[in-house]
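Using this note's numbering, you'd call the opening residue of the sequence shown number 27 and step up by one each time.
Backbone N, C-alpha and C define an ideal beta-carbon position, used for all residues, glycine too.
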Amino acid sequence: MRTLIHDLEFLITADRDDRVLHGASVVVDGDRIADAGPAAEIAGRHPRASFDALVDGSRRGMTPGFIDSHMHLSETLSRAVFPDNLATRAWVFHWAKPFYANVDGRDEVVGATLGMAEMLRCGTTCFLDMGAQNDVAGVVEAIRAVGMRGVTGRHACDVRPEAVPEGWTEEMMDHHFFADAKAALKALEDTVRSHHGAAGGRVRCWVNIEGKEPCSLELHVGSRALAERLGVGTTYHLATSIEEARVSEKRHGVWPITRIADAGGLGPNLVIAHGVAVTDAEIERMAKTGTMIAFCPATSVKLAKGATKIGRYPEMLAAGVPVGIGTDGVSAGGTLNLMRQMYLVAGMFKDSRMDSTLVGARKALRLATIEGARLLGWDQEIGSIEPGKKADFVLFDLDHFEWVPYGDPLQALVYSASPASIAQTWVDGRALYRDGRVQTVDEPALHREARERAAAIVKRAGLSRERTPTVSTTYD
Ligand SMILES: [Zn+2]
27 MRTLIHDLEF
37 LITADRDDRV
47 LHGASVVVDG
57 DRIADAGPAA
67 EIAGRHPRAS
77 FDALVDGSRR
87 GMTPGFIDSH
97 MHLSETLSRA
107 VFPDNLATRA
117 WVFHWAKPFY
127 ANVDGRDEVV
137 GATLGMAEML
147 RCGTTCFLDM
157 GAQNDVAGVV
167 EAIRAVGMRG
177 VTGRHACDVR
187 PEAVPEGWTE
197 EMMDHHFFAD
207 AKAALKALED
217 TVRSHHGAAG
227 GRVRCWVNIE
237 GKEPCSLELH
247 VGSRALAERL
257 GVGTTYHLAT
267 SIEEARVSEK
277 RHGVWPITRI
287 ADAGGLGPNL
297 VIAHGVAVTD
307 AEIERMAKTG
317 TMIAFCPATS
327 VKLAKGATKI
337 GRYPEMLAAG
347 VPVGIGTDGV
357 SAGGTLNLMR
367 QMYLVAGMFK
377 DSRMDSTLVG
387 ARKALRLATI
397 EGARLLGWDQ
407 EIGSIEPGKK
417 ADFVLFDLDH
427 FEWVPYGDPL
437 QALVYSASPA
447 SIAQTWVDGR
457 ALYRDGRVQT
467 VDEPALHREA
477 RERAAAIVKR
487 AGLSRERTPT
497 VSTTYD
């Protein structure tokens with residue numbers, strides 16, 4: 027199948043030279059971009075008769091598909107369930123964990139499918155999912171069926187809290203925690219061997235773990251070593267809040283990233299999620315080892331992590347630490363809308379440091395595209411619009427009020443536009459979102475089931491604004 031998308035009003039390539047073309051055409055051949063460039067040049071190289079389909083790109087703008095560097099497919103049924111006055115550790119230990127312990131295999135598949143439908147509507151074509159809590163095979167099948175591209179894995183941790191936290195049960199503890207790092211790594215290796223490369227290579231499977239207090243040092247270090255041996259990546263939460271850094275200092279004498287670095291755990295196949303509480307010395311060690319950071323601005327804003335107060339993201343970028351952006355789960359950040367993260371990261375450091383030169387629109391778009399691809403180890407194939415790469419891209423409707431009128435497409439994209447003006451989202455050469463519908467999902471039926479299942483989980487988990495704690499001393 028050869029498709030010509032002709033006469034685009036603009037094409038933001040996110041290539042090495044960061045080219046933005048005005049009046050461009052793109053040739054899609056099967057799952058790949060065969061050619062892209064000025065419309066007249068493309069017309070000269072490719073006669074119209076050679077195409078199976080033509081898409082009129084006038085009044086359309088194209089960007090690479092967005093890449094979400096940190097998200098939780100299995101958390102999509104928990105939108106706006108927990109109070110919004112919780113700090114990270116109470117949120118995780120007393121609300122999120124009991125909720126997710128009551129998510130069964132079918133809930134997980136429904137949540138994952140719902141999450142992918144939301145991502146496609148938001149222009150996201152590829153994601154790094156932290157992993158299934160129940161049924162990895164079911165989630166992998168859901169990704170295959172929807173047609174997206176992504177990295178998944180399975181949840182793993184191995185350090186039980188001393189006392190059973192409020193809202194947890196013994197049964198939940200047994201399901202949630204592996205006996206030790208060795209048992210966890212064995213299960214993770216099996217998962218990678220079963221699922222890596224599924225759906226014709228659209229699904230990759232990594233050695234993901236939860237990270238921080240519920241994981242031993244051996245598991246943190248072992249996950250990266252195992253990933254290296256298997257030729258994949260690993261990702262875990264770390265340095266996610268100042269509370270976590272203080273607990274680490276009290277228990278281990280050092281902050282979280284230093285602890286991992288001292289044990290030889292950093293490396294170029296590790297994506298650390300959040301990385302809010304980080305010192306300058308730790309930034310240097312991450313840069314030296316090629317360790318990467320997935321920054322989740324909306325989660326920081328909602329859970330008071332302090333990205334604008336203590337976050338060192340502009341310094342990480344300046345030091346050459348690869349940084350991507352993530353939405354996190356919908357209960358942590360609110361949405362799976364990566365355009366919102368682009369907007370936040372473009373502006374939040376300008377404001378907090380009173381320096382208008384920090385980050386900005388052009389850099390924010392790169393973090394959401396080619397830099398995200400780099401974090402996922404997928405930048406040879408995706409992240410920019412270039413001949414030979416996979417046909418993953420977004421078409422914006424420039425007749426939508428968000429774009430009337432506009433000057434610089436990059437600024438309009440990041441500061442003015444939202445998913446509301448997305449006309450189509452393509453993955454692997456297929457328009458998975460177009461004409462206002464996700465083509466591979468029965469959305470009305472999915473919505474009905476998602477509402478019912480979400481309400482049933484809240485009931486089973488027994489979460490209560492009267493009884494469930496809003497501060498945490500777990501792992502103190
Ligand atoms: Zn997360």
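{"Query": "Other residues of its chain near residue 5: CB distance less than 6 Å, five sequence neighbours each side excluded", "Result": "The requested residue 5 does not occur in the structure, where the chain is confined to residues 27 to 502."}
{"Query": "Nearest-angstrom Cα separation, counted from residue 119 out to residue 110", "Result": "15 Å"}
{"Query": "Neighbour-count burial assignment, residue 204, 16 or more Cβ in a 10 Å radius", "Result": "buried"}
{"Query": "First through last residue of the alpha helix (DSSP H) which encompasses residue 68", "Result": "65-71"}
{"Query": "Enclosing alpha helix (DSSP H) for residue 216 [first to last residue]", "Result": "207-221"}
{"Query": "Proximity of residue 368 and residue 440 at Cβ, strictly below 7 Å", "Result": "yes"}
{"Query": "Element boundaries [beta strand (DSSP E), containing residue 252]", "Result": "Residue 252 -> not in any beta strand (DSSP E); alpha helix (DSSP H) instead, spanning 243-256."}
{"Query": "Heavy atom of ligand 1 within 6 Å of residue 200 beta-carbon", "Result": "no"}
{"Query": "Closest by C-alpha distance to residue 455, when choosing among 49, 91, 85, 43", "Result": "91"}
{"Query": "Run of the beta strand (DSSP E) containing residue 35, from where it starts to where it stops", "Result": "28-38"}
{"Query": "Touch test, the region 438-452 against the region 123-140, Cβ-Cβ under 8 Å, three pairs minimum", "Result": "no"}
{"Query": "Residue 299 Cβ short of 6 Å to ligand 1 heavy atom set", "Result": "yes"}
{"Query": "Cutoff 6 Å; reference residue 317; Cβ partners in own chain excluding five residues on either side", "Result": "292, 296"}
{"Query": "Identity of the residue in 227, 259, 286 nearest residue 241 by Cα", "Result": "286"}
{"Query": "Three-pair Cβ contact test at 8 Å for the region 255-268 versus the region 219-238", "Result": "yes"}
{"Query": "Exposure of residue 453, with buried meaning 16 or more beta-carbon neighbours within 10 Å", "Result": "buried"}
{"Query": "N-terminal and C-terminal residue of the beta strand (DSSP E) that residue 120 is part of", "Result": "Element bounds for residue 120: n/a, residue is neither H nor E."}
{"Query": "heavy atom of ligand 1 below 6 Å from residue 354 C-beta", "Result": "yes"}
{"Query": "Proximity to residue 499 [Cα-Cα], best of 362, 269, 473, 153", "Result": "269"}
{"Query": "Spatially closest choice to residue 463 from 409, 107, 140, 121, by CA coordinates", "Result": "140"}
{"Query": "Where the beta strand (DSSP E) through residue 3 begins and ends", "Result": "There is no way to answer for residue 3, as the model of the chain reaches only from 27 to 502."}
{"Query": "Status (buried if at least 16 other CB within 10 Å, exposed otherwise) for residue 427", "Result": "exposed"}
{"Query": "Segments of 3+ residues assigned as beta strand (DSSP E) that fall wholly inside the region 370-441", "Result": "419-423"}
{"Query": "Collapsed DSSP secondary structure at residue 356 in the structure displayed", "Result": "helix"}
{"Query": "Short Cβ contact (7 Å threshold) for residue 313 with residue 271", "Result": "no"}
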